[in-house]
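Quick note, the sequence shown lines up with residues 31 to 173 if you use our numbering. This report concerns only the one structure given below.
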Amino acid sequence: MRKEIQLQNYVQCPSSGGPAVHKARIFVSLLNDSIIYNDGDICATMGIFKTADQTTNESINTELICFPNPASSTLQLLFKGLFGNEFNLEIHDATGKLVETRKFNSTIGGYYMNTSFLPNGLFHLIVRDNKGEKVSSKFVKAR
Numbered sequence: 031m032r033k034e035i036q037l038q039n040y041v042q043c044p045s046s047g048g049p050a051v052h053k054a055r056i057f058v059s060l061l062n063d064s065i066i067y068n069d070g071d072i073c074a075t076m077g078i079f080k081t082a083d084q085t086t087n088e089s090i091n092t093e094l095i096c097f098p099n100p101a102s103s104t105l106q107l108l109f110k111g112l113f114g115n116e117f118n119l120e121i122h123d124a125t126g127k128l129v130e131t132r133k134f135n136s137t138i139g140g141y142y143m144n145t146s147f148l149p150n151g152l153f154h155l156i157v158r159d160n161k162g163e164k165v166s167s168k169f170v171k172a173r
């Protein structure tokens with residue numbers, strides 16, 4: 031049975047998440063750990079990620095969803111309420127120290143990130159658009 035999960039104004043791609051996909055990726059990584067999955071591009075080309083029609087004039091809420099959480103080697107980010115195609119990502123550790131910054135492009139409001147370089151612990155993510163608007167969330171890195 032195929033199940034799609036509505037995440038605010040995005041539908042989760044069945045090729046990008048869930049326990050079965052993550053277990054399969056773990057098994058594949060035992061054979062070849064150099065594969066990097068870009069779920070956003072895969073699902074966009076499949077036509078899965080589609081923005082829902084907004085029929086109201088209400089203000090847009092901002093939100094950042096991180097999954098799987100806890101993460102072992104990969105983390106997928108879905109965000110809404112930011113505009114543009116270029117974004118900045120900041121990762122802070124539990125003490126507030128800036129651990130990583132990077133720029134990325136996204137047309138679907140998502141980003142797939144390798145977390146294998148991070149030590150185990152709690153991290154705070156901040157995603158900003160070109161106008162300075164931001165969304166934030168926390169995730170746990172565990173091996």
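Where is the CB? At the ideal position from N, CA and C, for every residue including glycine. This structure is a prediction, so every number in the text was calculated from the model and none was measured.
Check, Outcome
"Span of the beta strand (DSSP E) around Asp123", "Glu116 to Asp123"
"Residue nearest to Thr92 in terms of C-alpha spacing, selected from Lys110, Leu105, Asn118 and Gly162", "Lys110"
"Enclosing beta strand (DSSP E) for Phe153 [first to last residue]", "Gly151 to Arg158"
"6 Å CB neighbourhood of Arg132 in its chain, flanking five on each side removed", "Leu119"
"Nearest candidate by alpha-carbon position, reference Thr104, set Ala172, Phe153, Leu128 and Met143", "Met143"
"One or two residues paired with Arg132 in a DSSP bridge", "Leu119"
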